[in-house]
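Taken in order, the sequence shown gives residues 6 to 342; the numbers are from the numbering used here.
Glycine included, each C-beta is placed from N, C-alpha and C at the ideal position.
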Amino acid sequence: MQDDKISAEGQVAGKKIGEFHERVRTMGRFLEKPFLGCLFGVEDCAGNPIRSHTLSESWLRRLADDGGHVLQFVLAVEDAGKRPVGFKPKVVGVGEATTFPGFCQEHDDSLFACVEKEAFVASPRQLACLVYRSVCQEICVKHQMLKCNLPANSPDFFAEKATGQFRLFLELMKRKLRIEEMLRLDKYALESYVVEFERTPTFLVATTFLPYVTFTGRELERRMDWVTLTILPGSKGGFVVFSWDKASPKNGSLLLKSLKALPNQLVTSGILHLALEVSENLVVSQKWWDSLPEVEQSRMLIRFGRSLIADVPPPPDTVRPAPKPTLDWRPIRMGFV
Ligand SMILES: [Zn+2]
C-alpha cells in the first residue's frame, strides 16, 4: 500500500487523514457547481440551473417514509484512519435526493413532464427522456470531478479516477448530442427492454453505464455501448427500464438477453446486484433497509462501494443473482420495446 493513497480496499494511511478529509470537502463543494449553465443544448438557454432531480420527486415520494425521507449511500469519511473507508446509509429528504445542478426551471419542467406527470407507458419520448436525464446527470458529475481534480499537481486517488473519467466524459457528451437530436426531430433510435413488476420497487435507480458482464456470468467486450437503467414506481407495481442506442447495440442486447434467460424469481436479485455495481444514484426505502439482516446490509454496502473504490475489472459472475434471493418484486411482463 502506498502511504499517500487510499488502497483498493479504501484504507487511508494515518498521516494523510487530514488531506483526505480536505479532498472530500473540496469534492463536495464542486458537486454543487453547475456544468456551464442549463444543460439543455437544443436551444441556447441562458437560464440558471435549479437542483434537477435525477429520479423524479414524485417517484421518490412513493418510496419515502411518512416524513418524506429516503436513504442514499454516502462515503463514511469518519472511518478514515480507523478502518477501510466504506459507505453508509444516509437519510435524505425527497426534495434533495439525487439532485444535481442540471436544467433551468423552464426546461426541467417542459422536458420531463412526460415522465413526471404522465403514466409510464414506455413511449419513445418517455424512454428518450429517461436516457437524456441520466446522461446529463453523469456528464455533470464527471465534469465536476474533472474540474475539481485535474488541476491538482500530484496524482492521488481522486485525480487518478478523474483522469480515467475524461474519455468517458467525452463519449457521454456525444451521447447527449445524439439524444438531443432525437428529441428535436421527435425521431428515436433507441432500443429498450422493460420489465414490469407486480410489487412496488424498494429501491430506485437512474444511471448510464457500460456493461462488462452479463447476468449469466459472461464477460463482454470492452465497447462504448452505453446502457441507461431506470427503476421507477408505477401507479401499481413498478418498472425496470434498460435503453441503449440502435447504433451501438451489442452489449446492451447481450445483457438483456441474459436477463431474459433467468428464472422469473431471480430477476429482481440480478437487477439489485447490477444497480449496486453500476450506480451512484441509488435510493433505498428505509422500511426495506431496516427489514434486512445486518449481514445483508453489509454485503450491499460493499457491493455498492466496489465500483467506486476499486477500478478493477469485475469478475464475470459479478451481477449473477443469488441462488435463493430474498427479494422478488415479481415480474409480470418483460420484453424488448
Ligand atoms: Zn434551460
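Taking only three categories from DSSP, how would you classify residue i?
{"i": "P106", "result": "strand"}
{"i": "G340", "result": "strand"}
{"i": "Y217", "result": "coil"}
{"i": "P94", "result": "strand"}
{"i": "S57", "result": "strand"}
{"i": "V288", "result": "strand"}
{"i": "S258", "result": "helix"}
{"i": "V47", "result": "coil"}
{"i": "D191", "result": "coil"}
{"i": "M6", "result": "Confidence is the limiting factor: at M6 the pLDDT is only 29, short of 50, which leaves the residue's position unreliable, though a coordinate-based value still follows. In the structure shown, M6 sits in coil (DSSP, three-state: anything other than H, G, I, E or B)."}
{"i": "V140", "result": "helix"}
{"i": "D114", "result": "helix"}
{"i": "E226", "result": "coil"}
What do you reckon, is the C-beta of residue i under 8 Å from a heavy atom of ligand 1?
{"i": "E203", "result": "no"}
{"i": "H58", "result": "no"}
{"i": "C109", "result": "yes"}
{"i": "E48", "result": "yes"}
{"i": "C43", "result": "yes"}
{"i": "H112", "result": "yes"}
{"i": "G340", "result": "no"}
{"i": "P222", "result": "Residue 222 is actually Gly in this sequence, not Pro. Not so, every heavy atom of ligand 1 lies at least 8 Å from the Cβ."}
Go to residue i, then tell me how far its beta strand (DSSP E) extends in each direction, as first and last residue.
{"i": "K414", "result": "Lying before the first or after the last residue shown, residue 414 is absent from the chain, which here runs from 6 to 342."}
{"i": "W334", "result": "It is not in any beta strand (DSSP E) - W334 carries neither H nor E in the DSSP assignment."}
{"i": "T233", "result": "232-238"}
{"i": "V120", "result": "Here V120 belongs to no beta strand (DSSP E); instead the alpha helix (DSSP H) covers 118-121."}
{"i": "G275", "result": "Segment 272-283 is the alpha helix (DSSP H) holding G275; no beta strand (DSSP E) there."}
In the DSSP assignment, what are the bridge partners of residue i?
{"i": "H148", "result": "DSSP lists no partner for H148."}
{"i": "T212", "result": "L234"}
{"i": "H74", "result": "G98"}
{"i": "F244", "result": "E201, L237"}
{"i": "V79", "result": "K93"}
{"i": "D250", "result": "L195"}
From the beta carbon of residue i, is the nearest beta carbon of chain B less than 9 Å away?
{"i": "V126", "result": "Absent here is chain B; the protein component of the structure consists of one chain."}
Please list the terminal residues of the continuous alpha helix (DSSP H) segment that includes residue i.
{"i": "R66", "result": "62-68"}
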